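Worksheet: one structure, shown below.
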Amino acid sequence: MPGSPGAEITLDADLENLGRFLEVVSGLAAGEKYDARRSKMIELAVEEAIVNVINHAYTDAKGMLTMSASVDADRRLVLTIKDQGRPFDVSNVAEPDIGSGVESRKIGGLGVFFIRQVADEIRYAREDDSNVMTMVFSPEGRPKPETN
C-alpha cells in the first residue's frame, strides 16, 4: 500500500542477520508488486550497503544496525540504514574507473558504484554519532541516459 509505514528492525551488525534485513526489503517490494528483476537488484544493493556496515563500520567490537523500510506515496521503497560505527559518507566515494582493465583497477569501490546505479536517490547524514544512509528505489528504476 503506497505511503505505508513499513517496518524497522534493529539487530547485531553481523552477517548472520543479513537475511532478516533482506526479508523486510523483499516483502515490501513484493507488496508493491515490483517485478522480480527490480526486486532482486534492490535486494543486492541493500545487501551491499549492509555488508559494508558489517565489515567496515565497527573496528574493535560488534555494533548494532537499524534498518527502517517504508513505501512512499509514489510506491518508492525508502530504506534507511543507521549504525554507530566509524563515519563513512558514501557521497565522498569516488566513481571507479570502470573503463580500465581489471588488472589495473583498484580493488574495491564497486559496491558503492552498484548501489548508485540501482538507487534513485542516496542521502547520507551523520546524526548523533550515527551514520544514516537513506536509499530510495522506484518500481521502474532510474531512467537510463539515451545513447545515439
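According to the numbering used here, the sequence shown holds residues 632 to 779 in order. For every residue, glycine included, the Cβ atom is placed at its ideal position computed from N, Cα and C. Computed from a prediction, not measured in an experiment: that's the story for all the values here.
Of the residues the options, which one's Cα is nearest the Cα of residue i?
{"i": "Met672", "options": "Ser761, Thr765, Ala750, Gly650", "result": "Ala750"}
{"i": "Glu678", "options": "Arg651, Lys664, Leu659, Tyr689", "result": "Arg651"}
{"i": "Ala660", "options": "Arg707, Asp714, Leu696, Phe719", "result": "Arg707"}
{"i": "Pro718", "options": "Val655, Ile640, Asp760, Leu675", "result": "Asp760"}
{"i": "Gly662", "options": "Lys693, Asp703, Asp691, Val682", "result": "Asp703"}
If you measure between the beta carbons of residue i and residue j, is that distance less than 7 Å?
{"i": "Ser722", "j": "Val709", "result": "no"}
{"i": "Met698", "j": "Ile712", "result": "yes"}
{"i": "Leu696", "j": "Ala638", "result": "no"}
{"i": "Ile753", "j": "Ala680", "result": "no"}
Assuming residue i contacts residue j (C-beta within less than 8 Å), just tell me the rounded distance between them.
{"i": "Val767", "j": "Tyr755", "result": "Contact flag wrong, Cβ pair sits at about 13 Å."}
{"i": "Ala688", "j": "Asp714", "result": "5 Å"}
{"i": "Glu576", "j": "Leu642", "result": "The structure shown has nothing for residue 576, since the chain only spans 632 to 779."}
{"i": "Gly742", "j": "Asn683", "result": "6 Å"}
Measure the C-alpha to C-alpha separation of residue i and residue j and round it to an integer number of angstroms.
{"i": "Gly716", "j": "Asp666", "result": "34 Å"}
{"i": "Ser670", "j": "Pro770", "result": "8 Å"}
{"i": "Glu647", "j": "Val656", "result": "16 Å"}
{"i": "Thr765", "j": "Leu649", "result": "17 Å"}
{"i": "Gln748", "j": "Lys664", "result": "21 Å"}
{"i": "Glu758", "j": "Gly694", "result": "16 Å"}
{"i": "Ala692", "j": "Arg668", "result": "36 Å"}
{"i": "Phe744", "j": "Ile640", "result": "26 Å"}
{"i": "Ala676", "j": "Thr690", "result": "23 Å"}
Does the beta carbon of residue i come closer than 7 Å to any beta carbon on chain C?
{"i": "Phe744", "result": "Note that chain C does not occur in the displayed structure, where there is just one protein chain."}
Any alpha helix (DSSP H) of 4 or more consecutive residues that is wholly inside the region 661–717
Uninterrupted alpha helix (DSSP H) stretches at least 4 residues long and entirely within the region 661–717 occur at 667–683, given in chain order.
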